[in-house]
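As you go down the protein sequences, you meet chains A and B in turn. The working numbering puts the first residue of the first sequence at 9, with every later residue one more than the last. The working numbering puts the first residue of the second sequence at 38, with every later residue one more than the last. Taking it in order: structure first as structure tokens, then the write-up.
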Amino acid sequence: GAGVSQSPRYKVAKRGQDVALRCDPISGHVSLFWYQQALGQGPEFLTYFQNEAQLDKSGLPSDRFFAERPEGSVSTLKIQRTQQEDSAVYLCASTLSSSGSLADTQYFGPGTRLTVL
Amino acid sequence: GNSVTQMEGPVTLSEEAFLTINCTYTATGYPSLFWYVQYPGEGLQLLLKATKADDKGSNKGFEATYRKETTSFHLEKGSVQVSDSAVYFCAALVDKLIFGTGTRLQVFP
Chain A
9 GAGVSQSPRY KVAKRGQDVA LRCDPISGHV SLFWYQQALG QGPEFLTYFQ
59 NEAQLDKSGL PSDRFFAERP EGSVSTLKIQ RTQQEDSAVY LCASTLSSSG
109 SLADTQYFGP GTRLTVL
Chain B
38 GNSVTQMEGP VTLSEEAFLT INCTYTATGY PSLFWYVQYP GEGLQLLLKA
88 TKADDKGSNK GFEATYRKET TSFHLEKGSV QVSDSAVYFC AALVDKLIFG
138 TGTRLQVFP
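So, in structure tokens, the structure goes:
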């Protein structure tokens with residue numbers, strides 16, 4: 009596909025369950041970003057990868073959140089022991105930049121809507 | 038801390054009306070500035086950007102000028118169409134992209 013894809017598009021979890029959200033960036037894109045978008049809010053940065061290296065994870069809200077990109081392409085955001093406050097849309101974005109410039113255009117996926125009951 | 042503030046919506050306009058969506062930022066230095074748009078059922082798309090003071094970004098009839106004196110990056114369009122109905126997000130790149138809360142635009146025929 010031509011764009012960033014994310015799966016699943018919708019996820020309902022019971023409180024306490026673990027979830028895994030997948031992001032497939034545009035082929036060849038070096039940098040990958042995860043954002044959390046609560047209802048009625050703008051996206052908030054969670055973490056950033058350049059290839060397989062996680063360069064910034066300052067936005068992860070707690071140690072229940074974990075992200076990986078082991079081969080520098082597909083990334084997974086894992087949330088352990090989900091809580092109701094984790095309910096949000098999780099967005100993934102990628103950029104082509106090989107220089108690591110964050111000013112390059114970020115291409116966003118459609119997001120995964122997580123609902124924790 | 039770094040932040041982006043944009044006008045609350047919804048903004049409701051008739052087709053062919055003039056549009057302004059205000060955006061101001063608080064940041065150290067001179068961040069790159071962006072407007073993203075989210076059409077119903079779709080992901081965020083970059084609409085336009087400006088990387089330094091006095092730059093004007095433009096796309097699809099939309100324009101925004103980077104004003105460092107007022108730390109603003111207001112979005113304008115001279116004549117909106119029904120197809121412009123969407124949520125618009127202003128963002129500033131500091132060490133990461135910081136988004137405003139979004140402004141919903143509704144254009145009626």
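Every residue, glycine too, gets a C-beta built ideally from N, C-alpha and C.
Count the other C-beta atoms from every protein chain shown that fall within 10 angstroms of the C-beta of residue i, then say buried if there are 16 or more, exposed otherwise.
| i | result |
| --- | --- |
| P69 of chain A | exposed |
| P68 of chain B | buried |
| S39 of chain A | buried |
| Y73 of chain B | buried |
| T49 of chain B | exposed |
| K97 of chain B | exposed |
| L85 of chain B | buried |
| Y115 of chain A | buried |
| V119 of chain B | exposed |
| T120 of chain A | buried |
So, helix, strand or coil for residue i, using DSSP?
| i | result |
| --- | --- |
| E52 of chain A | strand |
| D32 of chain A | strand |
| Q91 of chain A | coil |
| V97 of chain A | strand |
| S95 of chain B | strand |
| V119 of chain B | helix |
| S83 of chain A | strand |
| K89 of chain B | coil |
Check the Cβ-Cβ distances between residue i and every residue of chain B, and say whether any is below 9 Å.
| i | result |
| --- | --- |
| F116 of chain A | yes |
| E60 of chain A | no |
| T113 of chain A | yes |
| Q92 of chain A | no |
| Y56 of chain A | yes |
According to DSSP, what are the bridge partners of residue i?
| i | result |
| --- | --- |
| Y18 of chain A | A:R121 |
| Y125 of chain B | B:V74, B:T140 |
| R104 of chain B | B:S109 |
| L47 of chain A | BP columns for L47 of chain A are empty, so no partner. |
| Q43 of chain B | B:C60 |
| Q25 of chain A | Partner(s): none; Q25 of chain A has no beta bridge. |
| Q82 of chain B | B:V74 |
Please check the pair residue i and residue j, which I expect to be a contact at CB under 8 Å, by giving their CB distance rounded to whole angstroms.
| i | j | result |
| --- | --- | --- |
| S95 of chain A | C31 of chain A | At roughly 19 Å, the Cβ-Cβ gap does not stay under 8 Å, so S95 of chain A and C31 of chain A are not in contact. |
| L70 of chain B | Y62 of chain B | 7 Å |
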